[in-house]
Amino acid sequence: MAMASSSGGAGALVLAFLTVAVLLSPALSAPLDSAGFHSVTCPQLESIVLSSVQAALQREVALAAGLLRIFFHDCFPQGCDASVYLKGSGTEQAMGPNTTLQPRALQLVEDIRAKVHAACGATVSCADISALATRDAVVLSGGPNYTVPQGQFDSLAPASQNAVNALPSPATASVSALARAFSAKGLRDLADLVALSGAHTVGRTGCPFFRDRAQRMDDTFSRRLAANCSAAPTRLQNLDVVTPDLFDNGYYKALVNSQGVFTSDMALIKDSTTAPIVRQFAQSKDAFFAQFAKSMAKLATAPRPGGNVGEIRRSCFSPNARRAIDTVVDAVEEEGFAASA
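Counting in my numbering, the sequence shown runs without a single skipped number right up to 341 at its last residue.
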């Protein structure tokens with residue numbers, strides 16, 4: 001079913017009907033819209049998301065990194081479908097790469113969903129809210145603004161274990177392994193890989209996650225990492241040692257100075273195919289920002305195996321229970337539509 005993007009009363013009715021169908025039919029699909037998808041049914045959406053993220057970051061700046069990591073872990077396995085938000089046995093959160101996702105960042109998106117649905121009804125998916133919240137966290141941390149494609153539906157089920165295991169390792173992956181993983185998601189330009197790795201300009205990590213880098217002790221920085229972990233094993237290490245709380249190009253400046261925390265970070269400056277891009281981004285924040293915005297827009301439309309199908313969840317943490325539809329369908333038909341999804 002195609003989505004109408006009218007801003008008039010008829011457009012609102014079509015959008016309302018689509019929302020009903022989303023809640024009732026797992027087979028519904030729709031194209032993405034780069035802007036204005038929710039302008040009729042929820043014109044206050046972006047202001048609700050922005051104010052919520054701003055307040056959250058004022059309380060805890062680390063939420064920016066948490067949202068970015070969740071977004072990547074959601075989009076890579078089977079597209080940006082909020083499948084990573086599902087909780088319970090057999091869900092992605094229970095799978096190895098996701099057990100350390102930040103609970104407060106996951107909860108923030110659910111809290112925003114509750115506010116949005118209270119204001120607009122169940123018209124906006126968790127997937128769209130997650131994408132908008134991540135974008136706003138980047139901007140509020142000093143990073144670039146970019147257009148977020150809207151109209152993603154929430155998945156009905158989590159991704160498979162194999163799909164989740166295909167997430168590239170941030171600790172030890174080589175450039176060739178990272179490039180293969182990114183290419184499989186439509187991010188075939190090495191500049192996409194280097195720019196999206198720049199999300200490490202915010203965030204921290206624990207000693208177990210950079211043990212490979214620390215144990216090499218092949219430069220001054222790795223020896224310092226090893227010493228820090230030996231003295232304080234639970235200490236968290238900034239991924240960007242230049243400007244850890246700002247979204248800027250400090251991460252690349254650190255790589256040029258051999259101060260990357262992960263082995264995969266250092267691989268970007270040591271590999272002849274990616275080193276020139278790292279140096280360019282280290283020299284020009286504008287060049288990094290322009291590519292990051294472009295690459296995030298591409299990641300936001302990573303292919304979904306079955307297409308953009310699903311539902312608008314009434315809780316980001318669980319799929320909707322199937323409901324009896326007769327009453328809802330009758331109400332829609334009174335407006336001149338038949339439920340044919």
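Backbone N, C-alpha and C define an ideal beta-carbon position, used for all residues, glycine too.
Rounded C-alpha distance that separates residue i from residue j
i, j, result
"Tyr85", "Ser160", "14 Å"
"Gln283", "Ser315", "44 Å"
"Leu57", "Ala184", "33 Å"
"Leu196", "Leu63", "18 Å"
"Phe72", "Ala300", "9 Å"
"Ala199", "Arg322", "38 Å"
"Asn145", "Leu50", "12 Å"
"Ser125", "Cys80", "11 Å"
"Pro305", "Ala290", "29 Å"
"Lys344", "Glu46", "Because the chain is modelled from 1 through 341, residue 344 falls outside the range shown and cannot be assessed."
"Asn320", "Arg313", "6 Å"
"Gly250", "Gly66", "19 Å"
"Arg211", "Glu311", "41 Å"
"Gln93", "Pro233", "25 Å"
"Thr123", "Thr220", "53 Å"
"Gly88", "Gln78", "19 Å"
"Thr134", "Ala293", "12 Å"
"Pro158", "Ser176", "28 Å"
"Pro26", "Arg188", "Any reading at Pro26 is ruled out, since the residue's pLDDT is 48, under 50, leaving its predicted position unreliable."
"Asp59", "Ile269", "The sequence shown places Arg at residue 59, rather than the Asp named in the question. So the two alpha carbons sit approximately 34 Å from each other."
"Gln152", "Gln237", "35 Å"
"Ala82", "Thr91", "12 Å"
"Val139", "Asn162", "33 Å"
"Pro276", "Leu156", "42 Å"
"Phe317", "Ala114", "12 Å"
"Phe281", "Gln215", "28 Å"
"Asn98", "Asn257", "30 Å"
"Gln54", "Val61", "10 Å"
"Phe288", "Arg204", "21 Å"
"Ser169", "Thr41", "39 Å"
Top-ranked residue by Cα proximity to residue i, from the options
i, options, result
"Leu239", "Ser264, Phe292, Ser230", "Ser264"
"Leu68", "Val109, Gly260, Cys120", "Val109"
"Val148", "Val261, Ala137, Pro244, Asp248", "Ala137"
"Phe247", "Pro43, Ser141, Arg59", "Ser141"
"Val194", "Arg204, Lys87, Ala114, Leu178", "Leu178"
"Asp218", "Met266, Ala94, Gln280, Lys87", "Met266"
"Arg213", "Arg188, Ser174, Leu187", "Ser174"
"Gly96", "Ala293, Phe209, Asn257", "Phe209"
"Val164", "Gly151, Ala181, Lys115", "Ala181"
"Ala116", "Asn162, Gly186, Ser130, Lys270", "A quick correction: the sequence has Val, not Ala, at residue 116. Ranking Asn162, Gly186, Ser130, Lys270 by Cα distance to Val116 puts Ser130 first."
"Asp192", "Gln54, Ser295, Ala133", "Ser295"
"Pro43", "Thr134, Thr91, Gly121, Leu187", "Gly121"
"Pro103", "Ala114, Asp74, Ile70", "Ile70"
"Asp74", "Leu101, Ala114, Asn257, Gln54", "Leu101"
CB of residue i within 9 Å of CB of residue j, strictly
i, j, result
"Ile48", "Ala127", "no"
"Thr172", "Phe76", "no"
"Ser52", "Ile112", "yes"
"Leu167", "Thr274", "no"
"Arg235", "Gly260", "no"
"Ala227", "Val241", "no"
"Pro244", "Val202", "yes"
"Leu132", "Gln107", "no"
"Ala302", "Gly143", "no"
Buried versus exposed, by CB contacts within 10 Å (16 or more), residue i
i, result
"Gly36", "exposed"
"Ser222", "buried"
"Asp286", "exposed"
"Ser272", "exposed"
"Ala230", "Sequence check: residue 230 is Ser here, not Ala. It counts as exposed."
"Ala21", "For Ala21, the pLDDT reaches just 43, beneath the cut-off of 50, and the residue's location in the model is therefore unreliable, although a value from the coordinates is still provided. Ala21 is buried by the Cβ-count criterion."
"Ala105", "buried"
Test: residue i CB closer than 9 Å to a CB of chain B
i, result
"Ser284", "You won't find chain B in this structure, because it holds only one protein chain."
Start-end ranges of the beta strand (DSSP E) lying completely within the segment 263 to 303, minimum 3 residues: Within the segment 263 to 303, no run of beta strand (DSSP E) at least 3 residues long lies entirely inside it.
Which ranges does the alpha helix (DSSP H) cover as unbroken runs of at least 4 residues, wholly within the segment 47 to 110, from first to last along the chain? Within the segment 47 to 110, the complete alpha helix (DSSP H) runs of at least 4 residues are 63 to 78.
Length at least 4, wholly inside the segment 158 to 233: the alpha helix (DSSP H) runs in chain order: List check, alpha helix (DSSP H) in window: 161 to 165, 175 to 183, 190 to 197, 211 to 216, 220 to 231.
Quick check on the DSSP output: what are the complete alpha helix (DSSP H) runs of length 4 or more inside the segment 104 to 158, in order along the chain? With a minimum length of 4 residues, the continuous alpha helix (DSSP H) runs that stay inside the segment 104 to 158 are 126 to 140.
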